[in-house]
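Working notes for the structure below.
Protein chains: 2
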Amino acid sequence: MDVKTLCLGVLCHCDATGYDIKKHFESAFSHFFLAGYGSIYPALAELTERGLICCDAESRAGKRERKLYRVTEEGRRAFEDALCATEPRHKVRSEFLVLLYFAQLMPTSRLTEVLDQRLGEIEATLGQLDTMERLEGDRWSPGEQFVGGFGRAILEASRNYIRQNRHLVEDTTDSGQTSGVSDLRVNAV
Amino acid sequence: MDVKTLCLGVLCHCDATGYDIKKHFESAFSHFFLAGYGSIYPALAELTERGLICCDAESRAGKRERKLYRVTEEGRRAFEDALCATEPRHKVRSEFLVLLYFAQLMPTSRLTEVLDQRLGEIEATLGQLDTMERLEGDRWSPGEQFVGGFGRAILEASRNYIRQNRHLVEDTTDSGQTSGVSDLRVNAV
DNA sequence: ACGGTCATGTAAAGTGTTACATGATTAC
DNA sequence: GTAATCATGTAACACTTTACATGACCGT
Numbered sequence: 016m017d018v019k020t021l022c023l024g025v026l027c028h029c030d031a032t033g034y035d036i037k038k039h040f041e042s043a044f045s046h047f048f049l050a051g052y053g054s055i056y057p058a059l060a061e062l063t064e065r066g067l068i069c070c071d072a073e074s075r076a077g078k079r080e081r082k083l084y085r086v087t088e089e090g091r092r093a094f095e096d097a098l099c100a101t102e103p104r105h106k107v108r109s110e111f112l113v114l115l116y117f118a119q120l121m122p123t124s125r126l127t128e129v130l131d132q133r134l135g136e137i138e139a140t141l142g143q144l145d146t147m148e149r150l151e152g153d154r155w156s157p158g159e160q161f162v163g164g165f166g167r168a169i170l171e172a173s174r175n176y177i178r179q180n181r182h183l184v185e186d187t188t189d190s191g192q193t194s195g196v197s198d199l200r201v202n203a204v
Numbered sequence: 016m017d018v019k020t021l022c023l024g025v026l027c028h029c030d031a032t033g034y035d036i037k038k039h040f041e042s043a044f045s046h047f048f049l050a051g052y053g054s055i056y057p058a059l060a061e062l063t064e065r066g067l068i069c070c071d072a073e074s075r076a077g078k079r080e081r082k083l084y085r086v087t088e089e090g091r092r093a094f095e096d097a098l099c100a101t102e103p104r105h106k107v108r109s110e111f112l113v114l115l116y117f118a119q120l121m122p123t124s125r126l127t128e129v130l131d132q133r134l135g136e137i138e139a140t141l142g143q144l145d146t147m148e149r150l151e152g153d154r155w156s157p158g159e160q161f162v163g164g165f166g167r168a169i170l171e172a173s174r175n176y177i178r179q180n181r182h183l184v185e186d187t188t189d190s191g192q193t194s195g196v197s198d199l200r201v202n203a204v
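So the sequence lines, in the order shown, correspond to chains A and B. Numbering of the first sequence is given in my numbering, commencing with residue 16 and proceeding in unit increments. Numbering of the second sequence is given in my numbering, commencing with residue 16 and proceeding in unit increments.
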């Protein structure tokens, strides 16, 4: 699934400008799909060319013109077809985990920095999710609820795991040579 | 961080052929980084050209020749520098969550199929992790332990969340119109 | 004999990221 | 006034994916 299809999906939900769509990627989609203007505007151009969306360059009272896109009947059908044809893949690309994997090649101070930074990002994303849910959670569709909750569950699990297991890579005292109990990973919340 | 750097990382751990490296991506890295031959072989060629790795086309007794690569001193330094310079990003690209987000545009049967497929993949990956840990877990470095445990924690959290919340998108009975208690997401294990 | 694994690559097409370029409107 | 936000795009580059192409070795 590419950015084009996602843009079509957003427009199936409500009319929007390219700028609005970017905002949507930054909020609702932020924890499972990314896209910048460099992908979104060309996508909108191609979708328009194919007749799946259209736009009226609206002039709004006293304000500058902007392109408000909306999905066509054909576009809506195309999106539903795409949903049925898309393989439900789930890919992670984590430089964070790469760094951790090679922990013994890094100074402990750098490791601590990396772990703290990741924890900070997780907290920030969780905060963002909370804010979104407080503001508009009561209007969420079941799908939005499911995905929002999924994001929260994964983020919390990540945070807890990092907090409880960072000693594995940060402790350089090597007191665990004989593989004592302290070496067991902790998964419990 | 690109495939080149990761190949260098694998070679810092032990000598390997392109084929071996692909296997490493499929096992140890599978849940946080992907690469195919189409990325790996060109990467090895460029790393060789830059003098960061080298290979002796070994002829092994009675067996076909193969290119066993090993890291040079310069390559090892370059990799350590890369580790310190790499931003610890963590990106997810999930068609699975996209589909779930647009659940109301899909037939329930398709949704069930998607959820079951994902659960199957999660179980398969968990099984793979278990096997790896049983076979070689006692030789894992702290970094490998941390990353392996992280993968397990996230996979288990995903599985539990899906099991406990799939009704949000699968129940079409609409009995929750008045936002009763049954609408609450369940996060507990 | 046959299927699976080992083993190495190339080429084209598709995709996304980044930097650049511009300028109006709004809130403080 | 000025900084942030709204708003739209282009072009070059980097990177990955997919399909293609080939063939030896090993176990049964």
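Each residue gets a CB set at the ideal place from its N, CA and C atoms; glycine is no exception.
Beta-carbon contacts of residue i that lie in its chain and below 7 Å, excluding the five residues immediately before and after
{"i": "B/Thr37", "result": "Per the sequence presented here, residue 37 of chain B reads as Lys, with Thr not at that position. Closer than 7 Å at the Cβ level, and outside the excluded window around B/Lys37, lie Tyr52 and Ile55."}
{"i": "A/Phe40", "result": "Phe48, Leu49 and Ala50"}
{"i": "A/Ile137", "result": "Leu170, Ser173 and Arg174"}
{"i": "A/Ser42", "result": "Met147"}
Spatial neighbours of residue i in its chain, beta-carbon cut-off 8 Å, leaving aside the 5 residues before and after
{"i": "A/Glu89", "result": "Gly66 and Leu67"}
{"i": "A/Arg178", "result": "Leu134"}
{"i": "B/Gly166", "result": "His46, Phe47, Thr140 and Leu144"}
{"i": "B/Ser194", "result": "In this prediction, B/Ser194 has a pLDDT of 43, which is less than 50 and means its spatial position is unreliable; nothing more can be read from the coordinates."}
Beta-carbon contacts of residue i that lie in its chain and below 6 Å, excluding the five residues immediately before and after
{"i": "A/Ala58", "result": "Val18, Lys19 and Cys22"}
{"i": "B/Val86", "result": "Leu26, Cys27 and Ile68"}
{"i": "B/Val129", "result": "Leu114"}
{"i": "A/Val196", "result": "Annotation note: pLDDT 47 at A/Val196 (below 50); position unreliable, coordinate value reported separately. Nothing listed; no residue qualifies."}
Inter-residue CB distance, residue i and residue j (contact presumed, cutoff 8 Å)
{"i": "B/Ile116", "j": "A/Gly164", "result": "One detail in the question is off: residue 116 of chain B reads as Tyr in this sequence, not Ile. Rounded, the Cβ-Cβ distance is 12 Å, inconsistent with contact."}
{"i": "A/Phe161", "j": "B/Ala118", "result": "7 Å"}
{"i": "B/Leu120", "j": "A/Cys27", "result": "7 Å"}
{"i": "A/Thr140", "j": "A/Leu170", "result": "6 Å"}
{"i": "A/Gly172", "j": "B/Ala172", "result": "It should be noted that the sequence gives Ala, not Gly, for residue 172 of chain A. So it is a contact: roughly 4 Å between Cβ atoms."}
{"i": "A/Ala168", "j": "B/Tyr176", "result": "4 Å"}
Rounded straight-line distance, which links the Cα of residue j to that of residue i
{"i": "B/Glu110", "j": "A/Thr188", "result": "43 Å"}
{"i": "B/Met16", "j": "B/Lys106", "result": "12 Å"}
{"i": "A/Glu73", "j": "A/Val25", "result": "19 Å"}
{"i": "B/Glu185", "j": "B/Ala31", "result": "47 Å"}
{"i": "B/Phe47", "j": "B/Gln143", "result": "14 Å"}
{"i": "A/Arg174", "j": "A/Phe44", "result": "20 Å"}
{"i": "B/Met147", "j": "A/Cys99", "result": "35 Å"}
{"i": "B/Thr123", "j": "A/Arg92", "result": "17 Å"}
{"i": "B/Glu102", "j": "B/Arg154", "result": "28 Å"}
{"i": "B/Leu150", "j": "A/Leu112", "result": "22 Å"}
{"i": "A/Asn180", "j": "A/Glu61", "result": "47 Å"}
{"i": "B/Gly191", "j": "A/Gly152", "result": "Here B/Gly191 scores only 47 on pLDDT, less than 50, and its place in the model should not be relied on; the value that follows carries that caveat. Between B/Gly191 and A/Gly152, the C-alpha separation is close to 15 Å."}
{"i": "A/Tyr84", "j": "A/Thr63", "result": "9 Å"}
{"i": "B/Phe94", "j": "B/Asp145", "result": "29 Å"}
{"i": "B/Gly126", "j": "B/Leu183", "result": "For clarity, residue 126 of chain B is Leu in the given sequence; the question names Gly instead. Distance between the alpha carbons of B/Leu126 and B/Leu183 is about 11 Å."}
{"i": "B/Lys82", "j": "B/Cys70", "result": "6 Å"}
{"i": "A/Arg104", "j": "B/Asp131", "result": "13 Å"}
{"i": "B/Ser156", "j": "B/Arg108", "result": "28 Å"}
Within the stretch 60–129 of chain A, ranges of the alpha helix (DSSP H) (whole runs, at least 4 residues): Uninterrupted alpha helix (DSSP H) stretches at least 4 residues long and entirely within the stretch 60–129 of chain A occur at 88–100 and 110–116, given in chain order.
Which residues, in order along the stretch 110–126 of chain A, keep a beta-carbon less than 7 Å from a beta-carbon of chain B? Residues Glu110, Phe111, Leu112, Val113, Leu114, Leu115, Tyr116, Phe117, Ala118, Gln119, Leu120, Met121 and Arg125.
Looking at chain A, which residues of the stretch 49–78 of chain B have a Cβ within less than 9 Å of any of its Cβ atoms? Those would be Leu49, in chain order.
Using a Cβ cut-off of 9 Å, which residues of the stretch 98–110 of chain A contact any Cβ in chain B, in chain order? Correct list: Leu98, Cys99, Thr101, Glu102, Pro103, Arg104, His105, Lys106, Val107, Arg108, Ser109 and Glu110.
Identify each residue in the stretch 25–50 of chain B for which the Cβ-Cβ distance to at least one residue of chain A is less than 9 Å, and report them in chain order. Going along the stretch 25–50 of chain B in chain order, one finds Cys27, His28, Ala43, Phe44, His46, Phe47, Phe48 and Leu49 with a Cβ nearer than 9 Å to chain A.
Would you list, in chain order, the members of the stretch 129–162 of chain B that have their beta-carbon closer than 7 Å to a beta-carbon of chain A? Cβ contacts with chain A come from Val129, Gln132, Arg133, Ser156, Pro157, Gly158, Glu159, Gln160, Phe161 and Val162.
Along the stretch 174–186 of chain A, where does the CB come closer than 7 Å to a CB of chain B? Name the residues. Within the stretch 174–186 of chain A, those residues whose Cβ lies closer than 7 Å to any Cβ of chain B are, in chain order, Tyr176, Asn180, Leu183 and Val184.
Any residues in the stretch 79–99 of chain B with a beta carbon nearer than 8 Å to a beta carbon of chain A? Which ones, in chain order? From the stretch 79–99 of chain B, only Phe94, Glu95, Leu98 and Cys99 have a Cβ closer than 8 Å to chain A.
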